[in-house]
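Novice:
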Amino acid sequence: MAGFTELIKNFDKIRDYARDFLVYGYKCRSDYTQRSSRSYDNERRRIESYLAGYIQWENSSRGKNLFISTNTADLSQNQLFSVWETKSFTTKDCLLHFCLFDILVKEPGLTANEAADILSDRYLSQFPAPAIPDAMTVRNKLNEYVETGLFQKQKLSKNIHYSINNSQFNQALPDIVNQLAAPLHFFENVTPAGVLGYFIRRDSGQNPAWFSFRHLFTSHTLDDEILIQLLTAIQAKSTIQFATCSNRSKNHFRQTILPLKIAINVKHGRRYLLAYNMRRRNFFSFRLDHIKNVELLEESAVFCECLTELEERLASTWGVFLGRQNYLERLEMVLSIDETTEAYVLARLKREGKHGTIEKIADNTFAYRIEVTDTQEMVPWLRTFIGRIISLSGSNKRVIKLFLDDIERMAALYAE
Amino acid sequence: MELFSEIHSRYFYIITEILKAAAVRKLTAQDVASIVARLGFAETSFVLAPPLLNANQDSYCLLKADASGYVPVPENVPPLTLTALQKRWLKAILNDQRFAMFTDETEYAILNSLLADIEPLYNNKHLVSVDMANDGDVYTSPEYKSLFRTTLQAIQLGKVLLITYESSKGNRLSAYFAPYKLEFSMKDDKFRLVAVRMRHQQLRSLYKLNLSRITSLTIMEWNTPLGLDAYIHTLRMPQPVEIEITNERNGFERIFTQLSNFERISEYNETTGTCIMKIYYYEVDEMELLITLLSFGPIIRVLGPASFRQQLVERITNQIQRFATNPSNI
Numbered sequence: 001m002a003g004f005t006e007l008i009k010n011f012d013k014i015r016d017y018a019r020d021f022l023v024y025g026y027k028c029r030s031d032y033t034q035r036s037s038r039s040y041d042n043e044r045r046r047i048e049s050y051l052a053g054y055i056q057w058e059n060s061s062r063g064k065n066l067f068i069s070t071n072t073a074d075l076s077q078n079q080l081f082s083v084w085e086t087k088s089f090t091t092k093d094c095l096l097h098f099c100l101f102d103i104l105v106k107e108p109g110l111t112a113n114e115a116a117d118i119l120s121d122r123y124l125s126q127f128p129a130p131a132i133p134d135a136m137t138v139r140n141k142l143n144e145y146v147e148t149g150l151f152q153k154q155k156l157s158k159n160i161h162y163s164i165n166n167s168q169f170n171q172a173l174p175d176i177v178n179q180l181a182a183p184l185h186f187f188e189n190v191t192p193a194g195v196l197g198y199f200i201r202r203d204s205g206q207n208p209a210w211f212s213f214r215h216l217f218t219s220h221t222l223d224d225e226i227l228i229q230l231l232t233a234i235q236a237k238s239t240i241q242f243a244t245c246s247n248r249s250k251n252h253f254r255q256t257i258l259p260l261k262i263a264i265n266v267k268h269g270r271r272y273l274l275a276y277n278m279r280r281r282n283f284f285s286f287r288l289d290h291i292k293n294v295e296l297l298e299e300s301a302v303f304c305e306c307l308t309e310l311e312e313r314l315a316s317t318w319g320v321f322l323g324r325q326n327y328l329e330r331l332e333m334v335l336s337i338d339e340t341t342e343a344y345v346l347a348r349l350k351r352e353g354k355h356g357t358i359e360k361i362a363d364n365t366f367a368y369r370i371e372v373t374d375t376q377e378m379v380p381w382l383r384t385f386i387g388r389i390i391s392l393s394g395s396n397k398r399v400i401k402l403f404l405d406d407i408e409r410m411a412a413l414y415a416e
Numbered sequence: 001m002e003l004f005s006e007i008h009s010r011y012f013y014i015i016t017e018i019l020k021a022a023a024v025r026k027l028t029a030q031d032v033a034s035i036v037a038r039l040g041f042a043e044t045s046f047v048l049a050p051p052l053l054n055a056n057q058d059s060y061c062l063l064k065a066d067a068s069g070y071v072p073v074p075e076n077v078p079p080l081t082l083t084a085l086q087k088r089w090l091k092a093i094l095n096d097q098r099f100a101m102f103t104d105e106t107e108y109a110i111l112n113s114l115l116a117d118i119e120p121l122y123n124n125k126h127l128v129s130v131d132m133a134n135d136g137d138v139y140t141s142p143e144y145k146s147l148f149r150t151t152l153q154a155i156q157l158g159k160v161l162l163i164t165y166e167s168s169k170g171n172r173l174s175a176y177f178a179p180y181k182l183e184f185s186m187k188d189d190k191f192r193l194v195a196v197r198m199r200h201q202q203l204r205s206l207y208k209l210n211l212s213r214i215t216s217l218t219i220m221e222w223n224t225p226l227g228l229d230a231y232i233h234t235l236r237m238p239q240p241v242e243i244e245i246t247n248e249r250n251g252f253e254r255i256f257t258q259l260s261n262f263e264r265i266s267e268y269n270e271t272t273g274t275c276i277m278k279i280y281y282y283e284v285d286e287m288e289l290l291i292t293l294l295s296f297g298p299i300i301r302v303l304g305p306a307s308f309r310q311q312l313v314e315r316i317t318n319q320i321q322r323f324a325t326n327p328s329n330i
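Just so you know, the sequences run in chain order A and B.
Residue numbering for the first sequence follows the working numbering, beginning at 1 and increasing consecutively.
Residue numbering for the second sequence follows the working numbering, beginning at 1 and increasing consecutively.
1. Given this structure, state the Cα-to-Cα distance separating residue 264 of chain A from residue 219 of chain A, to the nearest angstrom.
2. Examine the Cβ distances between the stretch 230–249 of chain B and the stretch 260–275 of chain B and report whether three or more of them are shorter than 8 Å.
3. Who are the Cβ neighbours of residue 267 of chain A in its own chain at under 8 Å, not counting the five residues just before and after it?
4. Which of the three DSSP states is assigned to residue 388 of chain A in this structure?
5. With 16 as the cutoff for other CB atoms within 10 Å, does residue 361 of chain A come out buried or exposed?
6. Provide the residue span of the beta strand (DSSP E) that contains residue 191 of chain B, from first to last.
7. What did DSSP end up calling residue 2 of chain A once you bin it into helix, strand or coil?
8. Less than 8 Å separating the beta-carbons of residue 162 of chain A and residue 104 of chain A?
9. Return the chain-ordered list of same chain residues with a C-beta closer than 6 Å to the C-beta of residue 194 of chain B, the five sequence neighbours on each side being excluded.
10. Could you work out which residues of chain A lie near residue 155 of chain B, taking near to mean beta carbons separated by less than 8 Å?
11. At a CB-CB cut-off below 9 Å, which residues of chain B make contact with residue 252 of chain A?
12. Give a yes or no on whether the minimum CB-CB distance between residue 367 of chain A and chain B is below 8 Å.
13. Compare the beta carbon distance of residue 240 of chain B and residue 280 of chain B with 8 Å and say whether it is the shorter of the two.
14. For the stretch 75–98 of chain A, enumerate the residues whose C-beta is nearer than 8 Å to any C-beta of chain B, in chain order.
15. By how many angstroms is the C-alpha of residue 334 of chain A removed from the C-alpha of residue 319 of chain B?
16. Anything in chain B within Cβ reach of residue 141 of chain A, meaning under 9 Å, just list it in chain order.
17. Name the residue from B:257, B:256 and B:277 whose alpha carbon lies nearest to the alpha carbon of residue 265 of chain B.
18. Does the Cβ-Cβ distance between residue 3 of chain B and residue 47 of chain A come in under 8 Å?
19. Compare the C-beta of residue 15 of chain B with all C-beta atoms of chain A and state if any pair is closer than 8 Å.
20. How is residue 408 of chain A classed by DSSP in three states: helix, strand or coil?
21. Run down chain A in chain order and give the residues with a C-beta less than 7 Å from the C-beta of residue 322 of chain B.
22. Exposed or buried, what is residue 142 of chain B when buried is set at 16 or more other beta-carbons lying within 10 Å of its beta-carbon?
23. So which residues of chain B does residue 220 of chain A contact, with C-beta pairs closer than 8 Å?
24. When you compare the CB of residue 396 of chain A with every CB in chain C, is at least one pair closer than 8 Å?
25. To the nearest angstrom, how far is the alpha carbon of residue 112 of chain B from that of residue 92 of chain A?
26. To the nearest angstrom, report how far apart residue 29 of chain B and residue 108 of chain B are at their CA atoms.
27. Mind listing, in chain order, the continuous alpha helix (DSSP H) runs of no fewer than 4 residues lying wholly within the stretch 5–91 of chain B?
28. Would you list, in sequence order, the uninterrupted beta strand (DSSP E) runs of no fewer than 3 residues that lie entirely inside the stretch 146–183 of chain B?
29. Give every residue of the same chain whose Cβ lies closer than 7 Å to the Cβ of residue 102 of chain A, excluding the five residues on either side of it in the sequence, and list them in chain order.
30. Along chain A, which residues have their Cβ under 8 Å away from the Cβ of residue 295 of chain B?
What follows is the structure, given as C-alpha cells:
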C-alpha cells in the first residue's frame with residue numbers, strides 16, 4: 001500500500017470512521033460507498049494501529065468486520081484519546097520542538113536570529129549534512145509556540161526576545177502535578193475536551209486506574225474540537241455558519257444559526273447543539289456528531305433574549321425537542337407499584353420523572369402526570385415500566401396508539 | 001490553538017521518553033526500538049526509529065551516535081509546560097463543584113490563584129444534561145466529601161475497608177470490603193464503590209455501593225488481596241445477552257449508540273436486513289440492561305440466554321394481561 005502514513009493531517013478524516021467502528025462494529029468495506037476502497041483500507045489500517053489493544057475483527061460472509069469492543073465500566077481511560085495523538089509533522093517541526101525548548105531552557109530571552117544561530121552552530125553542526133532551518137522558519141515556530149502558550153515573548157528596543165512561558169502556574173506545576181492526578185483522571189472522562197487532561201497526565205507520567213465509568217460514551221471525544229468551537233461561539237454570543245450531514249441524508253448543507261447551549265443526553269449518548277435559527281424564527285437542536293466546519297460570524301444582539309426563551313422551553317421539554325411554544329401535550333400513566341416490596345420502582349419514577357407529578361390514588365397504585373412539548377420523546381422511558389402500567393392516556397392520541405400497538409408487537413415477537 | 005496538534009503527538013511523547021532514557025545512559029538501536037515498540041502505535045516502529053537513528057537528510061538530529069551508543073543532542077527534554085488550551089480546561093474543571101472533593105480549601109485556593117488570569121474553556125451554565133437522574137450525589141456536603149476522600153485513599157493504598165451501608169430497601173449491612181474502583185455514572189450523577197465483600201479474608205461477592213448510602217467506613221491495616229482485578233473479571237456473566245435488531249425507526253443508529261458502553265459483538269445479516277448483537281455484562285448490571293432493552297420496543301428481539309429472555313417475556317405478558325383485564329383504561 002504505497003503512500004500509507006500512520007499519522008494524519010486532518011482529524012475529520014478519521015472522525016467518522018473511528019465512530020463507526022466503535023458504535024456499529026459490523027460495517028465492512030462494502031458499506032462505505034461514499035469514499036474509495038483505498039480510503040477505507042487506509043483508515044481501517046490506521047485505526048487498527050492506534051487502537052491495537054482494543055480492536056477486534058471477525059470474518060463474516062460480507063468480509064472483514066472491524067470493531068472496537070470494551071465495557072466502559074472496565075475502562076479507566078478513554079481508548080479513543082489515542083486518535084488525538086496522531087497529528088502528522090515535518091522533520092523540522094520535530095527538530096525545532098525539542099531543540100528550541102533546550103535552547104531556551106539554557107538561555108532564556110533570545111531573539112529568533114540568536115536561537116537560529118545556536119541551533120545551527122551547537123546542535124546541527126554535530127551532523128554531517130543536516131537540513132538547516134532558516135531564521136524565518138525558527139521565528140515562525142517561536143511565534144507559533146507563543147500562540148499556543150508554551151513560550152512567551154517580550155519586545156526590548158527593536159527586538160523580540162523569546163522564553164519558555166514562566167507563568168506562576170508553570171513554575172508551580174512540578175510541585176502540584178501529583179496532587180492533580182486524581183482530578184485529572186476523573187475529569188478527563190466526564191467533561192468536554194477531556195483529552196487535554198489526559199495529555200497532562202501522560203506527560204507527567206501518571207497512569208492511575210482509580211475510577212471507572214458507567215454510561216460513558218467514549219465516542220464523544222471525537223467531536224470535541226467542534227464542541228470547543230461551539231462553546232467559544234456561545235461565550236462570544238456569536239452567530240455561526242456550519243455544515244451538517246446526517247447518516248440518513250448524506251448531503252451536506254450549510255446554515256447560519258445562533259448557538260445557545262449544548263445538551264448532553266446522558267442516557268442515549270447523543271450530544272446536541274441547541275440554537276436559534278433567525279431566518280426560520282425558531283429553535284432547533286443539531287446532533288454534534290453531524291456538525292462540521294464551524295465558522296464564527298458576528299456577535300448577536302438577540303442572544304440573551306433567545307437564551308431566556310430557550311430556557312423556558314427546556315423547562316417543559318422531555319428531551320431536546322424545542323419546536324413549539326405555548327402548546328403542551330398531556331400524559332397520564334397509572335402504575336401498579338407494591339409500596340412495601342417495590343419502593344425502589346417508586347424511587348425510580350421520582351428520580352427519572354423530571355417535572356412530572358406523582359399521586360397515590362389507591363393502595364399500591366400511583367398516577368404519574370406530566371405536560372411536555374413532545375410525548376414521543378418519552379416513549380422509551382415509558383416502556384421501562386412495561387409490566388406494571390394499569391392505564392395510559394394523553395392528548396397525543398397517535399403516540400398513545402403507537403405505544404399500545406408496540407406492546408402487541410413485542411408480545412408477538414415472543415409468541416411461541 | 002487547535003485541539004488536534006502535533007505538540008500532543010504520541011511520537012513527540014515517545015521521543016521525549018527516549019531522550020530522557022538516553023540522558024541517563026547511552027542507548028543502543030535495540031533500546032530505542034524497544035521504547036518505540038512499548039509506547040507507540042502498532043505501526044510506529046517502522047516509521048519513528050529510522051529518522052531517530054539515521055544521520056541523513058530526513059533525520060530528526062536529536063540522537064547522536066558514537067562508538068558505544070546513542071546520546072541525546074538536546075541536554076534537556078521540554079519541561080512540563082501546559083498550553084493555553086490546557087490551562088483553560090483546568091480552569092473550567094476547577095469551577096466544577098465536584099473538583100472541591102479532591103482538594104482541601106487551602107489547596108483549592110492555591111490552584112485558583114495560580115489560574116486567576118485564565119479564561120475557562122467553557123462555562124458549565126452553557127451545558128445542559130438531559131435524562132440525568134434528579135437525585136444526584138451532594139458533592140458539596142462535608143460528610144460526602146469525607147467519604148469520597150477516604151474511599152479514594154483506600155483504593156490508592158490498596159487497603160481493606162470496614163463499611164456500614166444502608167441499602168435502598170432499608171437493609172443495613174456492616175462488612176469488610178476490598179475496594180476496587182470508584183465508578184461514576186453520568187446518568188445517575190452518582191459515585192458507587194465497586195468492591196468485593198470479604199469473609200475470613202477470602203473474596204466473596206461483588207458489590208456496587210452507592211457512596212451516599214455508606215454511613216461509616218474505616219480503612220483497615222490489611223492490604224486488599226492480590227488478583228482483585230482478575231477475580232472481578234471472572235464474575236462476568238458466562239453467556240452474553242443476544243439480541244436481533246431491525247433498522248425500523250433508525251433503530252441501528254439509536255441502539256448501537258446507546259449500547260456503545262457495553263462490550264459487544266455485532267454482525268449484519270444482509271438477507272434479513274437485521275443485526276445480531278451479543279452483549280457482555282456483569283450480574284450486578286443485569287436489571288439495568290433488561291430495562292434498557294425493554295425501552296427499545298419492538299425493534300429488538302432478545303434471543304437468549306433463556307433466563308434473561310424469560311424475564312423480559314414475563315413483563316410483556318403481564319402488561320398484555322393488565323390491558324386485557326382493564327381495556328377501558330387504555
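The beta-carbon is built from N, C-alpha and C at its ideal position, and this holds for glycine as well.
In this text, all values refer to a predicted model and were calculated from it rather than measured experimentally.
Specialist: Taking the structure as given:
1. 13 Å
2. yes
3. 215
4. coil
5. exposed
6. 190–199
7. With a pLDDT of 49 at residue 2 of chain A, under the threshold of 50, the predicted position of this residue should be treated as unreliable, though the coordinate-derived value follows. Here residue 2 of chain A sits in coil by DSSP.
8. yes
9. 180, 181, 183 and 208
10. 210
11. The premise fails here: residue 252 of chain A is roughly 18 Å from chain B at the closest Cβ pair, so nothing lies under 9 Å.
12. no
13. yes
14. 76, 82, 84, 85, 86, 87, 88, 89, 91, 93, 94, 95, 97 and 98
15. 12 Å
16. Under the 9 Å cutoff, chain B gives no residues; its nearest Cβ is about 11 Å from residue 141 of chain A.
17. B:277
18. no
19. yes
20. helix
21. 389 and 390
22. exposed
23. Within 8 Å Cβ-Cβ: nothing; residue 220 of chain A doesn't reach chain B, min ~10 Å.
24. As a matter of chain content, chain C is missing from the structure shown, whose protein chains are A and B.
25. 37 Å
26. 46 Å
27. 10–24, 29–39 and 44–53
28. 159–166
29. none
30. 380, 381, 383 and 384
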